[in-house]
Structure formats: structure tokens, C-alpha cells
Amino acid sequence: MAIDVATVKKVASLSRLRKSDERLQSLAGELNGILGWIEQLNEVDVSGVEPMTTAIEMPQPMREDVVTDGDKVREIVANAPKTVDGFFIVPKVVE
Numbered sequence: 001m002a003i004d005v006a007t008v009k010k011v012a013s014l015s016r017l018r019k020s021d022e023r024l025q026s027l028a029g030e031l032n033g034i035l036g037w038i039e040q041l042n043e044v045d046v047s048g049v050e051p052m053t054t055a056i057e058m059p060q061p062m063r064e065d066v067v068t069d070g071d072k073v074r075e076i077v078a079n080a081p082k083t084v085d086g087f088f089i090v091p092k093v094v095e
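When we follow this note's numbering, the leftmost residue of the sequence shown carries the number 1, and every step to the right adds one.
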């Protein structure tokens with residue numbers, strides 16, 4: 001997938017970035033280069049690689065899975081203007 005100047009202009013507008021028309025062509029080239037690197041990464045076989053969060057394996061501290069703070073529905077919705085069955089009632093914002 002190649003990115004043209006029109007696409008760069010649209011993305012810049014959506015991102016609220018102002019770029020001169022002269023700069024748009026070079027941005028298109030840079031973005032195409034980035035997409036090329038991503039395509040190369042997609043070709044790498046990682047089927048036997050375990051996911052990791054850090055470069056050094058560290059055990060995560062574990063705790064017992066018990067409820068320590070709950071059953072406070074009344075207190076949580078006490079200051080809400082409108083509630084039904086423990087749920088907040090809010091105005092519809094999407095048509």
C-alpha cells in the first residue's frame with residue numbers, strides 16, 4: 001500500500017497538523033518507508049517465540065484473588081442525578 005500526497009494531506013488535517021504543500025511529498029515518502037519496514041516485520045516467523053514484557057524474565061508478585069472492596073453500589077450511585085437498579089442514567093449522546 002503506497003501513501004500519496006492526498007492521503008498525507010487528509011491525515012494531517014485529521015491530526016490538526018499544518019504542513020506546507022512542499023513538505024507533503026517528503027512526508028509521503030517517509031510514511032511509505034515506515035510502511036515498508038512494517039511489511040518486513042510481518043515476514044518474520046515468530047510462531048515459536050514466547051511473548052515477553054521485559055528483556056529480563058522476572059516473576060510477577062501474586063496475591064490471593066479475594067474481594068476486598070465491593071458491594072458499595074448504594075454509596076457509589078448516591079450522588080448521581082439519575083439511577084436505575086444501581087446503574088447511572090446518562091443522556092444519549094450518539095444518534
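Backbone N, C-alpha and C fix where the C-beta goes; we use that ideal spot for every residue, glycine too.
In this structure, the straight-line span from the alpha carbon of E43 to that of A28 is close to 23 Å.
In the DSSP assignment, the residues bridged to V84 are F87. E39: member of the alpha helix (DSSP H) spanning 21-42, first to last residue. For L14, the three-state secondary structure derived from DSSP is helix.
When secondary structure is reduced to three states using DSSP, V5 falls in the helix class.
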